[in-house]
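The next block holds one structure in the form of structure tokens; read it before the comments.
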Amino acid sequence: MLVKQVSIFLENRPGTLDEALKILKDANINMEGLALADTSEFGVMRIIVDKPDEAKQAMKSAGYTSIVNEVIAVELQPEVGYLAGVVKKISSAGVNIEYMYAAPSKDSAAKMIIKTDDAEKAQEALK
Amino acid sequence: MIWNETKECMSRDELAAMQGKRLQKQVERIYHNVEFYRKKMQQAGVEPADIETVEDIVKLPFTTYEDLRNNYPYGLLAVPRQEIVRVHASSGTTGKPKVLCYTRRDIDIWSECVARAMSMAGITRDDIIQVGYGYGLFTGGLGAHYGAENLGAMVIPMSTGNTKKLIDMMIDCEVTAIACTPSYLLHVAEALEEQELVDKVKLKCAVCGAEPWTDAMRDQIEKRLNIKAYDIYGLTEIMGPGVACDCGYHKGLHIFEDHFLPEIIDPDTLEEKAHGELGELCITTLTKEGMPLLRYRTRDLTSLEYGQCECGRTMARIQRFKGRSDDMLVIRGVNVFPSQVEHALLTVAGTTPNYFITVDRVNNNDTFDVAIEVEERFFSDEIRKLEKLRSDVEDAIHQTVGIKAKVKLVEPNALPHSEGKTKHVEDKRKLS
Ligand SMILES: [Zn+2]
């Protein structure tokens, strides 16, 4: 399925992550998944939250640049090679995976968040 | 050695008379051949007949770099296009270069001026000189080259970009003089020291220019290479290097007043400043044929010293430059305008985000850093795309400005926000 992901631009300096997380907490945003990607100078914090649009608004009011876009979420099944199978289906469809990360969930199975260069086609391949 | 003693040491009265005559003739020619100036003079209510002596210069209109840009490329030509034998260009504010046209006689006078300058540095036909300025649209390479040839020295046209080869040839060919930017010469000195080759070098003098430098840099160059270093000044709009140069007494740069009439004005009121006072340097080209300029505003802040120099020359001396009267930056010898950076950002991001330029000098090299605030419009959740944006901006700046900048992506509000354009720039280089 497709879920909304919030991505936030952060500079690579001490304290930025703390600050960003505090803003989300103060806005009562519940986080289900988080992945950081960075270079030596900047990073992108990607999060899966219960209220993505509110999260974006909170970040914006605090002066951060963020965007909301759709990514694929796949519920992980407890069987060997399940994730490998998912990846294979996507790549066989000629779709590139930009990045992926795990989002644990407290009341259901953990999810794999996958960003591809063609979400629709990837969805099709996973059906 | 004085290359042209008759001119360089003529009495101030003789000089003023000569300047008056040349100015009269030049204005007459410009008025009839250049529509832009004719209109400007008509607006100012001045006719060629009003110009009788050199003092009448104040009646004439000024020329700015915007005028050059607006008349790109041939609008200011004062001769038929066929008379032009050479074109040079310097970077402008919006990416379009300022094009400057030279007749054969203009090239000859330029070569004469550079020969005078190199003679001040003690260079003669016995010398072997490496020209380490870029050859091309930039005036440095070809300007120094023709001047040195005119002098009769043996010229090695190194151009820029290959320090190893420059050092090899410097040693193998027993090079005795070099013309390049002072920061590049320090870079060469460093390379020579690293390889313990300083003793193998026969260099005795350097003529450095194309960027502002300090006495401290001169000291370093002279001590580390055991040579004498001289400061040569020029600007493409007027001619190129060789408008002025300092003699062995280092009391300012002698400007060749028989060809270039200098004035110091108040950049705000445009009024003439008293002798010795600080202001903006304006230059009128007295003999230039191809693209003569009246009272060209260089934006360089300085003062002029008219007393005779110990070297015997009577030509006025330009004192240490105090900066620019506008926001133009000179980085690694290249004119850089914040508006060029804006232009580059616009082409890449489709919008001009808030940006900040920091210029500094680290290990005698100019650093040029551009920070850009990441806006939603061009933000991406993919690092790859952000990195691409960053390198695309770097490429665009390189293309527009001509030199490389280090681009950094920063959070919104990380940079000062202000109304004035000058707040986009911090020049940390100390030029005291
Ligand atoms: Zn002198």
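From first to last, the protein sequence lines are chains A and B. 1 is the number of the first residue of the first sequence in the working numbering; add one for each residue after it. 1 is the number of the first residue of the second sequence in the working numbering; add one for each residue after it. Positions of the beta carbon are idealized from the N, C-alpha and C atoms, including for glycine. Bear in mind the structure is a predicted one, so any value in this text is a computation, not a measurement.
- Assignment of Gln77/A by DSSP, reduced to helix, strand and coil, places it in the coil class.
- Residue state for Thr269/B is assigned as coil, using DSSP reduced to three classes.
- Under the Cβ distance rule, Glu394/B does not count among the residues neighbouring chain A, no pair being separated by less than 9 Å.
- Straight across, the Cα-Cα distance linking Gln43/B with Ile265/B is about 21 Å.
- Just measuring C-alpha positions, the residue of Ile383/B, Pro241/B, Thr352/B, Phe379/B sitting nearest Val370/B is Thr352/B.
- The DSSP-derived three-state label of Asn335/B is strand.
- Between the alpha carbons of Val68/A and Ala414/B lies a distance of about 22 Å.
- With a cut-off of 8 Å, the C-beta of Gly242/B is classified as distant from ligand 1, since no heavy atom of the ligand falls inside that distance.
- Put simply, the backbone Cα of Ser183/B is about 21 Å away from that of Ile123/B.
- Residue-level contact check: Lys111/A does not touch chain B, since none of the beta carbons of chain B fall below 9 Å from its beta carbon.
- For ligand 1, a non-hydrogen atom lies closer than 8 Å to the CB of Glu310/B.
- Checking the 8 Å criterion, the Cβ of Asp246/B is within range of a heavy atom belonging to ligand 1.
- A distance below 8 Å between beta-carbons, with the five flanking residues on each side excluded, links Ala102/A to the following residues of its chain, in chain order: Gly33, Leu76, Ala110, Lys111, Met112, Ile113.
- Beyond the five residues adjoining it in sequence on each side, Arg81/B comes within less than 7 Å, by CB distance, of Tyr74 in the same chain, given in chain order.
- Nearest C-alpha to Ile8/A among Thr39/A, Leu2/A, Met59/A: Met59/A.
- In the DSSP assignment, the residues bridged to Pro241/B are Gly234/B.
- Partner residues in the beta bridge of Gln5/A, as assigned by DSSP, are Asn69/A.
- Inclusion of Asp219/B and Asp231/B in the CB contact set at 9 Å is not warranted, their separation being larger than that value.
- Using a CB distance cut-off of 9 Å, Gly15/A does not count as an interface residue toward chain B.
- Assignment of alpha helix (DSSP H) within the region 82 to 160 of chain B, counting only whole runs of 4 or more residues, yields 104 to 120, 139 to 151 in chain order.
- When secondary structure is reduced to three states using DSSP, Ala103/A falls in the strand class.
- Contact annotation: Arg317/B and His259/B have beta-carbon atoms that are not nearer than 9 Å.
- Across the region 65 to 97 of chain A, CB contacts with chain B closer than 8 Å involve Thr65, Ser66, Ile67, Asn69, in sequence order along the chain.
- The continuous alpha helix (DSSP H) containing Asn33/B extends over residues 12 to 33.
- Of all residues in the region 27 to 53 of chain A, those with a C-beta nearer than 7 Å to a C-beta of chain B are Ala37, Thr39, Glu41, Phe42, Val44, Arg46, reading in chain order.
- Looking only at Cys113/B, Gly140/B, Ile109/B, Lys40/B, the smallest Cα-Cα distance to Ala89/B is reached by Gly140/B.
- Cα atoms of Asn28/A and Ala125/A: separation of roughly 36 Å, rounded to the nearest angstrom.
- Under the DSSP assignment, Gly43/A falls in the beta strand (DSSP E) whose first and last residues are 42 to 49.
- Secondary structure of Leu166/B (DSSP, three-state): helix.
- Around the CB of Lys200/B, fewer than 16 other CB atoms lie within 10 Å, so the residue is classed as exposed.
- The beta carbon of Ile357/B does not come within 9 Å of any beta carbon belonging to chain A, so the residue lies off that interface.
- Gly20/B is classed as buried because its beta carbon has at least 16 other beta carbons within 10 Å across all chains shown.
- For Glu120/A, no chain B residue has a Cβ inside 8 Å of its Cβ, as the nearest lies near 17 Å away.
- Residue environment for Ser119/B: buried (at least 16 other C-beta atoms within 10 angstroms of its C-beta).
- Taken in chain order, the members of the region 402 to 419 of chain B whose beta-carbon sits within less than 9 Å of a beta-carbon on chain A are Lys408, Leu409, Val410, Glu411, Pro412, Asn413, Ala414.
- Tyr101/A has a beta carbon lying at 9 Å or more from every beta carbon in chain B.
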